[in-house]
Every structure is written in C-alpha cells, then in structure tokens.
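S.K.: Be aware that the sequence shown starts at 11, since it is given in the working numbering, and climbs by one per residue. A virtual CB, placed ideally from N, CA and C, is assigned to each residue, including glycine. Before I ask anything, let me first share the structure, which is written out below as structure tokens.
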Amino acid sequence: MLRERILTAIVLLAGLLASVLWLPRVGWIALVGVFVAAAAWEWASLARLGSLSRGVYAGAMLAAGIWAGWDTGAGVHSVSSWLYGAAVVFWAVLAPVWLWERPAFANPVMPLAAGAAVLVPCAAAMVALRGESPAVLLAIMAVVWISDISAYFVGRRCGRNKLAPSISPGKTWEGVYGAFAAVTVYACGWIAVGGPKPLALRHVALSEFWFVLMLLVLAGAGIAGDLLESQMKRQAGVKDSGALLPGHGGVLDRVDALLPVLPLAAIIFTN
11 MLRERILTAI VLLAGLLASV LWLPRVGWIA LVGVFVAAAA WEWASLARLG
61 SLSRGVYAGA MLAAGIWAGW DTGAGVHSVS SWLYGAAVVF WAVLAPVWLW
111 ERPAFANPVM PLAAGAAVLV PCAAAMVALR GESPAVLLAI MAVVWISDIS
161 AYFVGRRCGR NKLAPSISPG KTWEGVYGAF AAVTVYACGW IAVGGPKPLA
211 LRHVALSEFW FVLMLLVLAG AGIAGDLLES QMKRQAGVKD SGALLPGHGG
261 VLDRVDALLP VLPLAAIIFT N
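Shown next, in the form of structure tokens:
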C-alpha cells in the first residue's frame, strides 16, 4: 500500500511539473478543465447523485472551468475577481457553518452550488497563477504540500489533542502547529532566496512579516479545505472520494487543501 502510494505520488508530481512548465496555455487550460470535471464527478458522488446526474454536473463544471480559465488567461480580470470573491465568501463564511452545523441536506442543490463556488474559482486561479509564473503556482502548491506532510508526521508522532474528532479523528492540534512551523520555515526560505513577492505587499512596511503571515493564512485555509472534504465523506459514508488514484483515493482526496488556497493566493499574487 505504501509503495503504491509513493509510486502514484511520483507519477503525479512528474506529470504536474511537466504540465506546469511546458504545456502551452491552451493545453494547460484544457488540463485544468479535465481536473475540474474529475473533481466535480466526485463532488457530485459525495452529494449522492446518480451516474447520469454526475455526468451532467461534471460536464457543466468542465465547461465552466475552461471558460473561467480562458477568460483569466486572456487577461480579463473582472470575471476572475468575482469568482475569487465567491470562493472567499464560501470558505470564510459558509464553510465554517457547514463544518459546525453539519447539515443534512434534503436535496443536492446546495452541495452542488457549493461545488461550483469551490471548483470554478480554483480553475481560474490555476490559470492565473501559472500566467503570473509557473514558479509562483508551484511555490503556492508547495505551501499546501509542506503543511500536509508536516501535519501528518508531527501529528502521528506527537498528536494528543484532536482537532475535529467527529469529522476527522486522525487530525490533531499538534499536527496543525507542526504544519504552521514548517510553513514558517518555508516562508523564511522564500524570502531569503528572493522568491516572488505578492503584489499586495510590495509597498507595505514590514512586508516580510506580513508575507509569512499570508502563507500561514494559506496553510490554515488548506486545513479548512481538508476538513470540509472529510466532512462530506463522513456524511456520504465513504472513506475516499473516489478510486482514480491508486493508494490515494480520488482526485478530491489529493486536492481538497488546494481548493481554498489557490483562489486566495490568486488574489494576493496576481494582477
């Protein structure tokens, strides 16, 4: 199982690096659309839709994701700004309510609307951040990867206090602290090597401090994304969102933490 998980991770990382670095813009937008469609299929499955309805929803999200990416990639920022705003409202206001109240939805309309508010802005952000620089997109993704890995190992070794036992029993506060510590080190390294500075901070005093704080906010947003997907799986009574990725589960299982992070990062790092 561990060997399968590692091999899948290596293949995914190699494919991501090759795509981010070398695909033309049209190819990248198409790939983002496929990613959104796969994630939408799993999201609809967690909302307990049948196969036909899942296909319709995935097709709609494919079209919306390509449209959002194309519009952003062409330099039209008004649409993407609205999308990022919708994502921020969802993650800052609605997602905490969802996690706290754990509503049992009578029909799938609200979960599917939430999926659109999550997936389409993420597609726009993936294109916008890569348009700013492939290095920027990879560096933002690295925030999530470092946070996830650190939280896992610190929580496994030192975890005592559960973060959200009714949602994800394996997550601990110690893991969160480990994630924040690792992201702080990463942020300091980013500053030390002269990595790209967010537009919002280029003319702000003490920008290094605020930059570290921004990355910590992104790490916290990633944890929220992870918890929300865990909550959806628990409500659906499943362990994984899908079985597409051997050893990892589904697409959502691998990108849940990126869903809130990328739109927020796009607000900070892009024009």
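Does DSSP classify T280 as helix, strand or coil?
M.R.: Numbered from 1 along the sequence shown, position 270 holds the residue referred to as residue 280. T280 falls in the coil class under three-state DSSP.
S.K.: Cutting at 6 Å between CB atoms, please list the residues of its own chain near D266, excluding the five before and the five after it.
M.R.: As a working mapping, residue 266 is identified with position 256 in the sequence shown. Cβ neighbours of D266 beyond the five flanking positions: G235, D236 and E239.
S.K.: Once you ignore the five residues that flank A174 on each side, which residues in its own chain have a CB closer than 7 Å to its CB?
M.R.: For the purposes of this step, residue 174 is identified with residue 164 of the sequence shown, where counting begins at 1. Hits under 7 Å: K181 and L237.
S.K.: In terms of residues, what are the limits of the alpha helix (DSSP H) holding S157?
M.R.: Position 147 of the sequence shown, counted from the first residue, corresponds to residue 157. That run of the alpha helix (DSSP H) goes P144 to C168.
S.K.: In or out: L72 buried (at least 16 other Cβ within 10 Å) or exposed?
M.R.: Counted from its first residue, the sequence shown places residue 72 at position 62. Buried: at least 16 other Cβ atoms inside 10 Å.
S.K.: Could you tell me if I76 is buried or exposed, where buried requires 16 or more neighbouring beta carbons within 10 angstroms of its beta carbon?
M.R.: Taking the first residue of the sequence shown as 1, we reach residue 76 at position 66. The residue in question, I76, is buried, as its Cβ has 16 or more Cβ neighbours within 10 Å.
S.K.: Please tell me whether L268 and V128 are closer than 8 Å, where the distance is taken between their beta carbons.
M.R.: In the sequence shown, counting from the first residue as 1, residue 268 sits at position 258. In the sequence shown, counting from the first residue as 1, residue 128 sits at position 118. Against a cut-off of 8 Å, the Cβ pair of V128 and L268 comes out as no contact.
S.K.: Quick check: L254 and V261, are their CB atoms within less than 8 Å of each other?
M.R.: For the purposes of this step, residue 254 is identified with residue 244 of the sequence shown, where counting begins at 1. For the purposes of this step, residue 261 is identified with residue 251 of the sequence shown, where counting begins at 1. Cβ distance < 8 Å, so L254 and V261 count as in contact.
S.K.: If you check the beta carbons only, do S157 and G65 fall under 8 Å apart?
M.R.: Position 147 of the sequence shown, counted from the first residue, corresponds to residue 157. Position 55 of the sequence shown, counted from the first residue, corresponds to residue 65. No, these two residues do not count as a Cβ contact at 8 Å.
S.K.: Taking the alpha carbon of P270 as the point to measure from, which residue in V195, M136, F190 and V164 has its own alpha carbon closest?
M.R.: The residue you call residue 270 lines up with position 260 of the sequence shown. Measuring from the Cα of P270, the nearest candidate turns out to be M136.
S.K.: Determine the closest residue to T194 out of L31, V222, W183 and A138, with distance taken between C-alpha atoms.
M.R.: The residue given as residue 194 occupies position 184 in the sequence shown. Measuring from the Cα of T194, the nearest candidate turns out to be V222.
S.K.: Under 8 Å Cβ to Cβ from V86, same chain only, skipping five residues before and after it: list those, please.
M.R.: Within the sequence shown, the letter at position 76 stands for residue 86. The predicted model places V86 with a pLDDT of 47, which falls under 50 and marks its position as unreliable; any figure quoted below should be read in that light. Nothing listed; no residue qualifies.
S.K.: For my contact list, V30 and L148 are in at a C-beta cut-off of 8 Å; report their separation, rounded to the angstrom.
M.R.: Within the sequence shown, the letter at position 20 stands for residue 30. Within the sequence shown, the letter at position 138 stands for residue 148. With 8 Å as the limit, V30 and L148 qualify as a contact, their Cβ atoms being about 6 Å apart.
S.K.: Using CA coordinates, which residue listed in D263, G252, F190 and F219 is at the minimum distance from L228?
M.R.: Counted from its first residue, the sequence shown places residue 228 at position 218. With distances taken between Cα atoms, L228 lies closest to F190.
S.K.: Counting C-beta neighbours from all protein chains within 10 Å, is the total for L23 16 or more, i.e. buried, or is it exposed?
M.R.: To locate residue 23, count along the sequence shown from 1; it is residue 13. When all chains shown are included, L23 counts as exposed.
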